[in-house]
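Presented below is the structure to which this report refers.
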Amino acid sequence: MTGLLIKNFVRSKGLMTGLLLLFLSGLISLNVGKHFLEKNQQLIQQTAHFQQENIDRNVKYVNKEIGLLLYYVRFGLANHTPNLAGLSIGQRDINPAVLSVTIRNLEEQKYTTDLMNPMYQLIGNLDFSFVLIYFFPLIIIAFCFNLISEEKEEGTWSLVLSQAISPLKMLRLKLCIRYVSVLTVLLLLLVIAKFYLAIPVDNAFVAFGLTAILYISFWFSVSWLIVSFHRDSSYNALLLLIVWVMLTIVIPASVTTVIVYKYPVPEAFGTVLESRDGYHSKWDQPKEPTIQKFQKHYPQFNRYKHPEGKDYSWLWYYAMQQMGDDEAAVHATDLKTKLRKREAASSVIGLFVPTIHTQQICNHLSQSDMANHLNFIEEVEKFHEQKRLYFYPKIFTDFAIADENWKAFPLAYFQDKVSVNWSLVLIPVFSICVICVVWAGVNFRRPLERNARYE
Amino acid sequence: MSKLFIVNKYMLTAKNLTKKYGEHIALHNLNLTIEAGEIFALLGQNGAGKTTTINCFLGFVEPSSGQAIINDISVTQNTAETKKYLAYIPETVMLYGNLTGIENLEFFSQLAGFRYSKEELSGFLSKAGLQTTAHSQRVGGYSKGMRQKVGIAIAIAKKAKVLLLDEPTSGLDPKASNEFSEILKELSQQGTAILMATHDIFRAKEVAHRIGIMKQGHLVSVIDSRDISATELEQLYLQMV
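Just so you know, the sequences run in chain order A and B. End of the first sequence = 457 in the working numbering, gap-free, step of one. End of the second sequence = 245 in the working numbering, gap-free, step of one.
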């Protein structure tokens with residue numbers, strides 16, 4: 003029976019076209035991912051190259067005062083992009099892969115981003131997670147919505163019911179054939195991705211694959227549930243499309259709205275203003291209070307003094323820059339905390355919404371989510387602080403530029419850690435699958451023979 | 005004689021079989037027995053209850069009261085078991101257009117738990133009167149008559165003791181219809197009990213041993229086909245309905 007069901011399936015032009023389309027769009031998405039990774043790689047390599055060039059040139063021309071030199075010199079920290087991010091670009095396309103900062107006030111430099119190529123905003127620029135989350139369900143719906151109703155509508159159902167020892171077994175086989183066909187396309191794409199994007203087979207990749215498998219299993223479970231109600235094809239198609247629109251568009255958009263409303267971040271604007279005012283206004287104020295505040299922050303620099311009667315000193319200048327960060331510090335911390343809260347809230351909601359959950363897990367595993375960006379920013383803060391603490395004493399003592407080893411500041415890298423929480427990855431969607439299948443099982447307890455026709 | 009034979013003599017039994025849809029009574033207290041090897045034709049207008057009767061035996065319709073019994077087993081209580089004894093040919097046999105005639109037969113036989121070789125399957129199709137050249141063609145291009153023949157082959161391959169037919173010859177040309185009757189007679193001689201709903205009075209008289217006339221859910225008359233000519237039957241039918 004299985005052989006003939008497969009034959010019938012394979013000979014259906016519509017179904018095969020669907021599978022082919024799915025495969026093709028998957029390939030396109032892999033190519034988009036490849037392009038993204040290459041662009042990223044190129045950007046990091048060029049930054050590494052030009053950073054050294056920039057330092058060398060500045061050292062050559064701004065060679066009198068180290069305080070002035072460090073006004074210009076930028077130190078870059080790159081956020082390591084795992085190749086898995088080629089499958090799920092997430093927020094990586096808007097968040098910068100490298101931040102190059104001077105030791106001046108950091109707050110204003112944190113939010114600089116790469117120039118955005120409008121090409122990336124075009125329709126059709128889809129990553130694999132988009133194909134998985136949006137397109138796979140549509141194909142699954144197209145494969146399953148008329149699993150029973152096509153038999154009724156094409157007239158084969160009564161003959162099937164009169165012949166079959168277990169009509170349910172036949173339906174299960176039909177579903178399995180569809181499941182295996184879609185699963186094959188998915189696995190094929192993942193295998194191609196592994197080689198094409200050179201993704202290492204580690205926990206993250208395995209978890210990514212399992213997430214994808216669970217996600218398509220979820221859509222098959224939902225479809226199985228819908229067909230178990232024995233409604234006609236158009237009703238099933240409509241219902242499944244409503245579920246699709248709700249889960250992929252309406253609910254995620256609503257969740258975003260609710261979260262933005264619940265955790266507003268006026269701090270984003272406040273931080274920028276405070277940071278700017280924090281140092282700009284200091285030009286017009288007496289120098290001493292600024293320096294006192296600075297030395298309160300860094301008691302280790304108490305021994306350095308602003309030369310009396312002078313209008314300007316590098317000690318005062320960097321103290322003034324520091325005030326930009328110090329005065330925005332409270333709001334900046336609040337901003338980060340709220341962004342983390344947003345992330346946490348959407349994770350909780352994601353537990354109940356497979357589309358959101360899948361996107362979150364994919365982005366988490368690919369290190370392309372908000373959490374990764376925040377971790378990166380925190381690392382930038384540490385990196386920046388470290389550079390400050392290294393150079394401050396040299397600036398305050400007017401250290402000779404030529405005595406510094408300027409080759410010792412190559413591009414630095416931040417490697418975020420991905421912990422795979424297996425139960426978080428697997429349990430939520432799996433549980434929803436089980437609920438759907440059990441519910442369908444209850445519906446199927448009524449003999450199928452009694453549903454020979456629509457009620 | 006063994007008790008078993010007597011018990012099995014009636015392959016199909018309807019006991020006070022009643023089906024109500026709300027206030028509407030589709031089938032009213034039907035009592036009917038059909039022996040092994042007997043062909044019973046049900047005549048009646050559309051909506052008289054013929055199809056409901058067949059659907060009760062198939063288990064597609066749950067009786068409101070009374071029982072449909074096949075081979076001494078209640079259909080309602082054990083549809084899976086009674087199904088093993090019966091084969092069904094609907095008014096229009098619909099098959100899987102992407103599969104060939106022989107593949108369709110193989111599929112439906114496998115559903116019923118039978119496994120046949122290609123030769124055996126081809127044999128069934130030939131026996132049902134389907135030309136050999138059509139066996140390995142996709143049924144998408146089959147005529148209604150050809151599909152009905154695959155339906156017959158499916159029934160033959162199931163070696164069913166009971167055959168339920170719902171207006172199986174409607175829309176068939178006279179030749180195909182005649183061939184169909186011959187096959188029914190052959191099956192009856194082999195001991196198959198056949199219940200056939202039909203509008204074809206002439207065909208009913210030709211093939212059936214007994215003829216029942218239904219009106220508004222009631223079986224109003226049962227006639228032995230040897231006792232009546234086709235013309236008389238037609239007159240009787242017109243008086244009754």
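Beta carbons are placed, not taken as given, at the ideal position from N, Cα and C, and that holds for glycine.
Check whether the Cβ atoms of residue i and residue j sit closer than 8 Å, and answer yes or no.
i: residue 435 (chain A); j: residue 220 (chain A); result: yes
i: residue 227 (chain B); j: residue 207 (chain B); result: no
i: residue 68 (chain B); j: residue 24 (chain B); result: yes
i: residue 142 (chain A); j: residue 11 (chain A); result: no
i: residue 169 (chain B); j: residue 200 (chain B); result: yes
i: residue 27 (chain A); j: residue 368 (chain A); result: no
i: residue 370 (chain A); j: residue 362 (chain A); result: no
i: residue 265 (chain A); j: residue 340 (chain A); result: yes
i: residue 43 (chain B); j: residue 192 (chain B); result: yes
i: residue 21 (chain B); j: residue 221 (chain B); result: no
i: residue 389 (chain A); j: residue 199 (chain A); result: no
i: residue 218 (chain B); j: residue 54 (chain B); result: yes
i: residue 276 (chain A); j: residue 329 (chain A); result: yes
i: residue 196 (chain B); j: residue 166 (chain B); result: yes
i: residue 180 (chain A); j: residue 102 (chain B); result: no
i: residue 442 (chain A); j: residue 159 (chain A); result: no
i: residue 36 (chain B); j: residue 223 (chain B); result: yes
i: residue 106 (chain B); j: residue 121 (chain B); result: no
i: residue 365 (chain A); j: residue 92 (chain A); result: yes
i: residue 229 (chain A); j: residue 238 (chain A); result: yes
Determine, using beta carbons only, whether residue i comes closer than 8 Å to chain B.
i: residue 9 (chain A); result: yes
i: residue 6 (chain A); result: yes
i: residue 94 (chain A); result: no
i: residue 454 (chain A); result: yes
i: residue 233 (chain A); result: no
i: residue 163 (chain A); result: yes
i: residue 248 (chain A); result: no
i: residue 160 (chain A); result: yes
i: residue 157 (chain A); result: yes
i: residue 14 (chain A); result: yes
i: residue 430 (chain A); result: no
i: residue 457 (chain A); result: Low local confidence applies: a pLDDT of 41 at residue 457 (chain A) is under 50, so the model's placement there is unreliable, with the coordinate-based value given in what follows. No - not a single Cβ of chain B is within 8 Å of the one on residue 457 (chain A).
List the residues of chain D whose Cβ lies closer than 8 Å to the Cβ of residue i, in chain order.
i: residue 167 (chain A); result: Going by chain labels, chain D is absent from the structure shown, which instead holds the protein chains A and B.
At the 8 Å Cβ level, is residue i part of the contact set with chain A, yes or no?
i: residue 167 (chain B); result: no
i: residue 50 (chain B); result: no
i: residue 63 (chain B); result: yes
i: residue 172 (chain B); result: no
i: residue 150 (chain B); result: no
i: residue 107 (chain B); result: yes
i: residue 160 (chain B); result: no
i: residue 97 (chain B); result: yes
i: residue 102 (chain B); result: yes
i: residue 128 (chain B); result: no
What's the call for residue i, buried or exposed, on a 16-neighbour Cβ count within 10 Å?
i: residue 226 (chain A); result: buried
i: residue 346 (chain A); result: exposed
i: residue 40 (chain A); result: exposed
i: residue 374 (chain A); result: buried
i: residue 230 (chain B); result: exposed
i: residue 308 (chain A); result: buried
i: residue 10 (chain B); result: Annotation note: pLDDT 44 at residue 10 (chain B) (below 50); position unreliable, coordinate value reported separately. Flag for residue 10 (chain B) reads exposed.
i: residue 64 (chain B); result: buried
i: residue 255 (chain A); result: exposed
i: residue 232 (chain A); result: buried
i: residue 26 (chain B); result: exposed
i: residue 186 (chain B); result: exposed
i: residue 451 (chain A); result: buried
Would you list the residues sitting across from residue i in a DSSP beta bridge?
i: residue 91 (chain B); result: B:167
i: residue 71 (chain B); result: B:19
i: residue 222 (chain B); result: B:219
i: residue 37 (chain B); result: B:17
i: residue 81 (chain A); result: A:416
i: residue 28 (chain B); result: B:25
Checklist entry - Counting pairs of Cβ atoms below 8 Å between the segment 132-152 of chain A and the segment 76-95 of chain B, do you hit three or more? => result no
Exercise for the section: Take every Cβ of the segment 144-157 of chain B, pair it with every Cβ of the segment 204-212 of chain A, and state whether three or more of those distances are shorter than 8 Å. Expected result: no
**Message:** With three or more C-beta pairs closer than 8 Å as the rule, is the segment 109-117 of chain B touching the segment 190-197 of chain A?
**Reply:** no
Report task. Could you tell me whether the segment 69-88 of chain A touches the segment 388-402 of chain A, where touching means 3 or more Cβ pairs closer than 8 Å? Result -> yes
### Query
Is the segment 313-323 of chain A touching the segment 289-303 of chain A in the sense that three or more CB pairs, one from each, lie closer than 8 Å?
yes
Using 8 Å as the cut-off, can you tell me whether the segment 68-77 of chain B makes contact with the segment 92-111 of chain B, which would need three or more C-beta pairs spanning the two stretches below that distance?
no
Should the segment 241-249 of chain A be called in touch with the segment 151-167 of chain A, which here means at least 3 C-beta pairs below 8 Å?
no
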